[in-house]
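So in this note's numbering, the last one in the sequence shown is 1651, and the numbering has no gaps at all.
Heads up, the beta-carbon is just placed ideally off N, CA and C, and yes, glycines get one too.
Just so it is clear, the structure is predicted and the values come from calculations on it, not from any experiment.
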Amino acid sequence: MNGAVLVAVAAAIGNLLQGWDNATIAGAVLYIKREFHLESEPTIEGLIVATSLVGATLITTCSGPISDWLGRRPLLIISSILYFVSGLVMLWSPNVYVLLLARLLDGFGIGLAVTLVPVYISETAPPEIRGLLNTLPQFTGSGGMFLSYCMVFGMSLMEAPSWRVMLGVLFIPSIIYFLLTVFFLPESPRWLVSKGRMLEAKKVLQRLRGREDVSGELALLVEGLGVGTDISIEEYIIGPANDFTDDHDIAADKDHIKLYGPEQGHSWVARPVSGRSAIGFASRHGSMANQSLALMDPLVTLFGSVHEKLPEQGSMRSMLFPHFGSMFSVGGNHPRNEDWDEESQARDGEDYASDGAAGDSDDNLQSPLISRQATSMDKDMVPPAHGSMSSMRHGSLITGNAGDPVGNTGIGGGWQLAWKWSEREGQDGKKEGGFKRIYLHQEGAPGSRRGSLVSLTGADAHADSEYIQAAALVSQSALYPKELVNENPVGPAMVHPSETVAKGPSWRDLFEPGVKHALAVGVGIQILQQFAGINGVLYYTPQILEQAGVGVLLSNLGLSSASTSLLISALTTLLLILCIAVAMRLMDISGRRTLLLTTIPVLIISLILLVLGSLVDMGSVVNASISTVSVVLYFCFFVMGFGPIPNILCAEIFPTRVRGLCIAICALTFWICDIIVTYTLPVMLKSIGLAGVFGLYAIVCIISFVFVYLKVPETKGMPLEVISEFFAVGAKQAAAAKEN
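What follows is the structure, given as structure tokens:
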């Protein structure tokens, strides 16, 4: 995973530049006021600070759709260029108006980085460490603030500090960021798959994962092009097929499903069961502890069930399908091809024709992902009007290099990707079939054959046979859309990924139940984060530390008031970096939801203590001590939970095809709320006082705790595509609950 880690670190430098700029302007504005005589013009002073905020808000409105169109990497390159240009212009800045223009360009760069870096990291990181890597932007942002405060503090000790140098030096680290985005960062593999550029996506995944065999994850990315329809949660007992079971036996028995590995003779049988899976139980009843909570979102219980019952030994990847490339191919003699983009080939006899010609280039992909053939078994079993694909079960869907063994379909977090061919009788009496994708999740430890495989297959199994219990999230495959069934009456209607997303994202997609559900969670948590009080506490921190005597102590060392303020800010930021490092470690262990539910109560207590410190006179020393401890606790626990997690969640919960658009909506919400909180704080301080402001923030934190407990699911360790599927299931269950 070293490749993914290095890529995430390089991408997060964009947030380091954001933190650098935020801290630099806080120190430089003191000297800007003196040079341009802005003491009597607070509006201009406020604009100098806020113009970058306005620029970030403006660019955010279009960054998501543009990233879905052009890709994540090009916009990160543009962000680095904007940082570079704004740094040079600020270094020059002959007057206030040029400085405002530079701050606007700087805001454009900040908006692109803050919006797209979490998306980029989520789309390139393995599920097991995605939370850790997506905390890097928060870590590097605070690191940039610390470095900037140290630089500005050092310059403040000079006789004539230059604010132009303070601001303009930004162009130096932006050069490093530009070089990394151009020469080191790859394009997001999920975006490449969404554009049908399979060969490029495969190479990027091989680089990120450090291995040649990435077939399973590549298949997952293909299936992630569309959230499945007709989603259901099923439960299986899965074990190896024995010598007494053949294709005809399985096809004739509706209680058994046969899953095939890449090699003949290596196959598994799945038998649907009920009542054995924690996920299946949650989907029907919810967890026993939460049944009494009528307001609990079924989605929260459903996600929680994944983490309630983990396997005791082994993993599904090693236990179930040790070399599981995929399930279906076009017959035993189908040659392996290195590239999905060149699968089209001439067919013989009555075989189904390909959609494209041989030799399609990577930029002009029209051939189907799964090439299509029929055998006599198909023609005997299914009317020719729709065909069947039961014969397409003897090779591999995802081909590697010629002669190389096909890899498994482990997709991370204990999940496995599989497919099955399901048939039903249509209205005209003819059989209709279609691919169903299955996200499998192992539950419980493997067991012996006694009482399991005997009942599973109806015959004696091998003595060393093993079975596993698995929950299955079953839905329509992205490669077999319903609308193509009638358009392709001869043969299975399989499409290439580029055709699946040919129309691109649209606003209509936002009204799908699962996407609406995810947007409600993402927008809600962004609003609550901004109104939870971080800006107010930051605003009040210098005053609190001054009351605690820290300022006087540092002044006695011969430091000016400006230098003292900068040094205090640097020390505070250093403390935040240490706390974020702890959060990085816990993000994939405790989980996002658990961290929020653990840290928000501390925020509430800290704000209540600040209210008491403002209202109750317990002596200057006691009041200063309580206020100082409260501020330190608030900062530490905010950056461990409410600071990074909203952006992490928003980068995880949306489907690939609309991720950029939805992230833009959430980021726009963030910036608008940031502006509202920043500019209403002075008004609120005058109207309801400091105690009233902190009391209001405490109420918002209480609301946040309730919102997280009832509405925010746990997403740690789960593939992004599975998360999207769960949101669709949760929305379906919530709608059913309302009807009942």
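By the neighbour-count criterion, in which a residue is buried when 16 or more other Cβ atoms sit within 10 angstroms of its Cβ, Tyr994 is buried. Counting along the chain, the unbroken alpha helix (DSSP H) around Ala1024 starts and ends at Val1007 to Thr1035.
In the structure shown, Ser1471 adopts coil according to DSSP, grouped into three states.
Across the set Ile1149, Met1062, Lys1622 and Val1633, the C-alpha of Val1633 shows the shortest separation from the C-alpha of Ser1388. Looking at the DSSP output, Phe1346 shares a beta bridge with Trp1332. In this structure the region 1507-1525 does not touch the region 1060-1079; the number of beta carbon pairs closer than 8 angstroms is below three. Proximity to Glu1636 across Ser1471, Leu1132 and Glu950 peaks at Leu1132, based on C-alpha coordinates.
If you draw a straight line from the Cα of Tyr1147 to the Cα of Ser1333, it comes to about 15 angstroms.
With a threshold of 16 other beta carbon atoms within 10 Å, Lys1597 falls short and is exposed. Short of 7 angstroms from the beta carbon of Ala1013, and not among the five residues preceding or following it, lie these beta carbons of its own chain, in chain order: Ser997, Val1000, Met1001 and Ser1004.
Bounds of the alpha helix (DSSP H) holding Val1594 are Arg1570 to Lys1622. Within the model, the alpha-carbon separation for Ile1086 versus Gly1524 is close to 47 angstroms. The C-alpha of Ile1021 is placed about 17 angstroms away from the C-alpha of Val920. The closest CA to that of Arg1118, considering only Glu1098, Ser1033 and Asn933, is found on Glu1098. Of all C-beta pairs linking the region 1022-1036 to the region 1481-1495, fewer than three are shorter than 8 angstroms, placing the two stretches out of contact. According to the DSSP assignment, Ser1538 belongs to the alpha helix (DSSP H) that extends over Ser1531 to Met1551. In its chain, beyond the 5 residues on either side, Gly1022, Thr1026, Ala1575, Ala1578, Leu1579 and Trp1582 have a beta carbon closer than 7 angstroms to the beta carbon of Thr971. Gly1641 sits in a helix when the DSSP states are folded into three classes.
Boundaries of the beta strand (DSSP E) around Gly1321: Gly1321 to Gly1323. In the three-state scheme derived from DSSP, where H, G and I count as helix and E and B as strand, Ala1382 is classed as strand. Beta-bridge partners assigned by DSSP to Pro1084: none are found. Pairing Ile1515 with Cys1612 gives a Cβ-Cβ distance under 8 angstroms.
Annotation: the continuous alpha helix (DSSP H) that includes Asp932 extends over Ile924 to Phe947. In the DSSP annotation of this structure, the continuous segment of the alpha helix (DSSP H) that includes Leu1507 starts and ends at Arg1503 to Leu1526.
Across the structure, Ser1386 and Val940 are spaced so that their CA atoms are roughly 56 angstroms apart. Cβ-Cβ separation between Gly1628 and Asp1499: approximately 6 angstroms, consistent with a contact (criterion under 8 angstroms).
Excluding the 5 residues flanking it on each side, Pro1424 has same chain C-beta neighbours closer than 6 angstroms at Ala1642, in chain order.
The beta carbon of Gln1437 lies closer than 6 angstroms to those of Pro1557, Cys1577, Thr1580 and Phe1581 in the same chain, with the five residues before and after it left out. Selection Gly1552, Val1184 and Ala1473 evaluated against Gly1502 yields Gly1552 as nearest (Cα-Cα). Counting C-beta pairs with one atom in each stretch, the region 1043-1060 and the region 969-986 have fewer than three that are closer than 8 angstroms, which means they do not touch.
Boundaries for Asp1141: no alpha helix (DSSP H) harbours it, and the DSSP string shows neither H nor E there. For Gly998, the three-state secondary structure derived from DSSP is helix. About 7 angstroms separates the beta carbons of Ala1382 and Ile1144, which is inside the 8 angstroms limit, making them a contact pair. Here Pro1183 carries a strand assignment [DSSP, helix/strand/coil]. In the structure shown, the three-state DSSP call for His1218 is helix. Between the alpha carbons of Phe1638 and Val1125 lies a gap of roughly 26 angstroms.
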